[in-house]
Structures are given as C-alpha cells and as structure tokens.
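Protein chains in written order, with my numbering: chain X, 1 to 250; chain Z, 1001 to 1172.
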C-alpha cells in the first residue's frame, strides 16, 4: 500500500470512529480527568476488598455522589467506609487537608484514606471566597494515606511535587506513632497514580523515590494492570488500632 | 488484522510538510471535532510539540543508519498520523479507558457514580470498553502498534519503532 493510500485509509478510519463515538468521548475537561480519577478510586477499592468490607455511604438512592471540588461540603457527598474488625476507615475524594506542619498549609489530594476519628471542620475565612463560603478541611493528623491521580506521562517535577504532598499530608512521616511502614500492612502507602508510562532515567527515579520514602508511583495506568494486589513491590502501611496496642504495664 | 505486506511509498526522512498537506493535522481535526475547547487546544499544542521534535530528530539523525533504516516503513506522513493518534489517545481516550474497566467491587456494581452531569455505571463502563476496543481494531488495521500510543514523546515513538525493527532483524 502506498503512503497516500494508507493516509487516506487512516483519515477515513478516524472519521468513521469519530462519527460513531464522538458522543461517548466528548465531555468537559474536568469530567475527563474525573474519569481517570474514578478508575483510580476503583483500583483502590479493589485493593482494600481483600482485608476490608466495602460500604459506600451517604448515597442518594443508587447514586454515589462524587465530590469534584474542595469547595463542596463533604457532608453532602458520598464516601466509602472501609470496615475491618479493628477499625473503620473512610475513603474520600477531594477533601481538603490542613497540614500538621502549619495551619496555613492546606491542599486537596484526589483521594484520601482517613481514620475513623476524622471529622470535617468548617470555618469562615475572609481570605476564602470573601468569607461567603465555608472553608472545609480535615486535619492531617487523621490521614492514613493521601493519593494523587494524574492522567499524564510522569516527569521529574510531577514526582517531586508528590513528595511535597507526602510530607505535608502525613504526620506519621516524621512521627510514626500508630501508622507504620510495613510490608504486611493492609493499607496502600501514599500513591501517585499516573496514566502515562515512564522510561529510562524516570523509571530509575520512580524506583528511587519509593526506596527513599514510604510511597508508591504506579505508572502506565491508561493501559496497564489495575490490579494493585498483583504488585508485590508496592509499599504498604500498618495502622495499629488502640485496642491492638500492647498495654504498658509497669 | 495487521497489514504485513504494506510497503510505504512516502519519503522517509522528509522533515517539513505544509500544514495543508499534513495528514496528522487532518486526523486530529476529525477526531477533535466537538471536544471541549481546552482539550482541543491541548491536542494541537501536543501535536505541534511532537512534530517539531520529529523534525529535529530526523535532521539530527540523518547520519544514524539504524534510525534511517528503521524508518523506511515509516515515512513522515505516517509518523505524523501516528503522532496525531498518540495525542488523541493520551488526552482523550486514555482517561476514559481508565474508567472503562470492569467494576469488581460488589457494592459498587449496583451504583451509578454521579460526577457533576456525568453519570458512570457498569453499563456506561461497558460502552466505553466497546469504544476502546474499536479504537484498538482501527490501530491494528492501520498497523500502528499500541506501544506508540502510550509513548510520552516523539523520541520515544522513534525509539520503539527502531527497537521493533532491530528485534525483527535479529529474528530473521
């Protein structure tokens, strides 16, 4: 086949595809990135399915109301309870975190697993929406793991940006307490989910980051395997519940 | 079905092409028609970067025999079309493929996820899978390997073409 013929075939095929599926793939950018995030939410839920009972909460009939922005009141949206014999955790999306490092350090991970004790605080701040809307947040003291979803190809600055969130969102990084790095843990360590693939020095950088920090960078998620349980190299966390802690008797 | 007997008559190594004759741009316009304005802009910005990089690689690699030989089957027009499909996959279909997987969690199988005006349930996920499958069939028909769609840069596309060419030659 000559190049011109092949090009004609490519254009004709593209036209047929677009005519058949344009309605399916045309949507606002925010919803498109939301679709990737929903894929990550499912991957995370599947990861927890082995050790926890999955209980969607705050539904509206049979609808799971997906919080799409930190401006929304989390009380009006759905979330997932991860129930184990020892403790129940919450998996939420787009909940703003106030860092233990400083009260003014606030940011919103895409997905976050919180202790049962976590509560959403609402304050009014004139510097936020002129004081007309409430500023919702959860203290990072309650965060088990904050995850980010990026439908991009990984690049060094993206990875280093995630390290910043890792440090600011997890008080256990500096003071482990009852959340510890453990290969047998039932929680996924903070994870950056990336749609694109990595190559060359970037692969080495991903590997180095998860050696230096208790975090994961999972790449190639547009096409790759979404079964996180298959990946034995992923860093995990163990959360010791109050009842499980050994008593300190004299 | 792969067109194993394809031979491409274009000029490999041709580094410039008028926009009106650029088949990649035509493909991108066809696929991008009707998409959100910001995505449309992002598609063309990425395509522009990729084709600029291609021009640079083709000029720089004039002396590299292995690249030139590997690209015999990949005239510039074909590389441009591959770049256009790469842009569309990376920015539009990739995120949708992520949401198209089967929902394993039992409690979620009976739910619809409402994300603003978007509603996603297992049926919608299945129709997304059908679309992705049709896209894969189209890529197969055009003999564009799937690994070119996930490439981050044009350099990576050329690297993967060269690697396939090297592996094929070693097998022979």
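Don't be surprised by glycine CBs; every beta carbon is placed ideally from N, CA and C.
- Cβ of residue 205 of chain X within 8 Å of any chain Z Cβ: Output row for residue 205 of chain X: interface = no.
- Taking all protein chains shown into account, decide if residue 3 of chain X is buried (16 or more other Cβ within 10 angstroms of its Cβ) or exposed. buried
- Do residue 70 of chain X and residue 96 of chain X come within 8 Å of each other at the CB atom, strictly closer than that value? yes
- Query: If you run the structure through DSSP and keep just helix, strand and coil, what is residue 149 of chain X?
  - Reply: strand
- Message: To the nearest angstrom, how far is the alpha carbon of residue 114 of chain X from that of residue 150 of chain X?
- Response: 21 Å
- Message: Let me make sure I understand the geometry here. Which of X/63, X/20, X/129 has the alpha-carbon closest to that of residue 1127 of chain Z?
- Response: X/20
- Item | Alpha-carbon to alpha-carbon, residue 1059 of chain Z and residue 234 of chain X | 42 Å
- Are at least three pairs of beta-carbons, each pair with one atom in the stretch 197-208 of chain X and one in the stretch 169-181 of chain X, less than 8 Å apart? no
- Enclosing alpha helix (DSSP H) for residue 21 of chain X [first to last residue]: Note, residue 21 of chain X: alpha helix (DSSP H), 3-25.
- Item | Amino acids of chain Z, ordered along the chain, whose beta-carbon sits closer than 7 Å to that of residue 28 of chain X | 1036
- Using a C-beta cutoff of 8 Å, does residue 66 of chain X count as contacting chain Z? yes
- Query: Where does residue 256 of chain X fall in DSSP's three states?
  - Reply: The requested residue 256 of chain X does not occur in the structure, where chain X is confined to residues 1 to 250.
- What distance in whole Å lies between the Cβ atoms of residue 45 of chain X and residue 83 of chain X, which are believed to be in contact at a cut-off of 8 Å? Between residue 83 of chain X and residue 45 of chain X a beta carbon distance of about 13 Å is seen, past the 8 Å cut, so the two are scored as non-contacting.
- Query: Does the beta-carbon distance from residue 1142 of chain Z to residue 10 of chain X come in below 8 Å?
  - Reply: yes
- Item | Residue range of the beta strand (DSSP E) that includes residue 239 of chain X | 236-239
- With residue 1137 of chain Z and residue 1148 of chain Z assumed to form a contact (beta carbons below 8 Å), what rounded beta-carbon distance in angstroms separates them? The pair is not a contact, with the Cβ atoms about 16 Å apart (cut-off 8 Å).
- What in chain X is Cβ-close to residue 1092 of chain Z, meaning under 8 Å? Going along chain X in sequence order, the residues near residue 1092 of chain Z (Cβ under 8 Å) are 25, 32.
- Message: Any beta carbon of chain Z sitting closer than 8 Å to that of residue 72 of chain X?
- Response: no
- Item | C-beta atoms of residue 25 of chain X and residue 1139 of chain Z nearer than 8 Å | no
- Spatial neighbours of residue 186 of chain X within its chain, please: CB distance less than 6 Å, with the 5 preceding and 5 following residues excluded, ordered by chain position. 51
- Task: Go through its chain and collect everything with a Cβ distance to residue 251 of chain X's Cβ below 7 Å, but skip five positions before and after it.
- Result: Because chain X is modelled from 1 through 250, residue 251 of chain X falls outside the range shown and cannot be assessed.
- Would you give the residue range spanned by the alpha helix (DSSP H) that residue 1109 of chain Z belongs to? Unbroken alpha helix (DSSP H) run through residue 1109 of chain Z: 1106-1109.
- Message: Give me, in chain order, the residues of the same chain whose beta-carbon lies closer than 6 Å to that of residue 99 of chain X; leave out the 5 immediate sequence neighbours on both sides.
- Response: Hits under 6 Å: 105, 140, 168.
- For residue 1032 of chain Z, the nearest candidate out of Z/1109, Z/1067, Z/1049, Z/1092 (CA to CA): Closest option to residue 1032 of chain Z, Cα to Cα, is Z/1092.
- Query: Do you know how far the Cα of residue 152 of chain X is from the Cα of residue 1027 of chain Z?
  - Reply: 22 Å
- Item | Per DSSP, cross-strand counterpart(s) of residue 203 of chain X | Answer is none; residue 203 of chain X lacks a bridge partner.
- Message: I'd like the list of long-range same chain contacts for residue 1083 of chain Z, defined as Cβ closer than 8 Å, with 5 residues on each side in sequence excluded.
- Response: 1024, 1047, 1050, 1051, 1054, 1154, 1157
- Message: Taking CB distances under 8 Å as the criterion, tell me whether residue 62 of chain X reaches chain Z.
- Response: yes
- Determine the extent of the alpha helix (DSSP H) in which residue 36 of chain X is found, giving its start and end residues. 29-49
- Task: Go ahead and pull the three-state DSSP assignment for residue 251 of chain X.
- Result: Missing from the structure shown is residue 251 of chain X; chain X here goes from 1 to 250 and no further.
- Message: Considering only the alpha carbon of each residue, which of X/107, X/237, X/148 lies closest to residue 255 of chain X?
- Response: Only positions 1 to 250 of chain X appear in the structure, and residue 255 of chain X is not among them; the question remains open.
- Select from the stretch 1108-1120 of chain Z all residues with a C-beta closer than 9 Å to any C-beta belonging to chain X, and list them in chain order. 1108, 1110, 1111, 1112, 1113, 1114, 1115, 1116, 1117, 1118, 1119, 1120
- Query: Secondary structure at residue 98 of chain X, three-state DSSP: helix, strand or coil?
  - Reply: strand
- Closest Cα partner of residue 183 of chain X within the set X/124, X/229, X/64, X/63: X/229
- Task: Classify residue 54 of chain X as helix, strand or coil using the three-state DSSP reduction.
- Result: In the displayed model, residue 54 of chain X falls within a strand according to three-state DSSP.
- Message: My output table needs one value for residue 250 of chain X: the three-state DSSP class, helix, strand or coil.
- Response: Confidence in residue 250 of chain X is poor, its pLDDT being 44 and thus under 50, which makes the residue's placement unreliable; the coordinate value appears in the next sentence. Here residue 250 of chain X sits in coil by DSSP.
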